Amino acid sequence: MDPIIRSYSVVLEPDPDGGYVVVVPAFPGCFSQGDTVEEAMANAQESIELTIEDMKAHAEPIPNPDGELIGKVAVGG
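Spelled out as structure tokens, the structure:
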């Protein structure tokens, strides 16, 4: 049986000390970081995989990314 492949949205934020912090909205508390975008994304993938592994071990439901909406809101200042 082939593994299920899911694509989760991530948000990369520049870290004031350098590099990037990655937030995974589908998994509250799932964060990662990296010195480059590529490293941050690779670390995020590993963090998501470990989070899913832990959720499976605890018989928790795995979030389904289908229907995720990502948008921006413009505000004046």
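Heads up: the sequence shown at position 45 corresponds to 56 in the numbering used here, and the numbers run straight through without jumps. Positions of the beta carbon are idealized from the N, C-alpha and C atoms, including for glycine. Keep in mind that this is a model prediction, so the values were computed, not measured.
Counting along the chain, where does the beta strand (DSSP E) carrying L80 start and finish?
-> Careful: L80 lies outside any beta strand (DSSP E) and carries neither H nor E.
Alpha carbon to alpha carbon, how far is P25 from N75? Give it in angstroms, no decimals.
-> 27 Å
Nearest-angstrom beta carbon gap, V86 and A55 [assumed within contact, 8 Å] = Wrong, their Cβ atoms sit about 27 Å apart, outside the cutoff.
Hey, how far is the Cα of K67 from the Cα of I73?
-> 8 Å
Any heavy atom of the ligand MN closer than 7 Å to the CB of F38?
-> The ligand MN is not part of this structure, which contains no ligands at all.
So what does DSSP say about S43, is it helix, strand or coil?
-> strand
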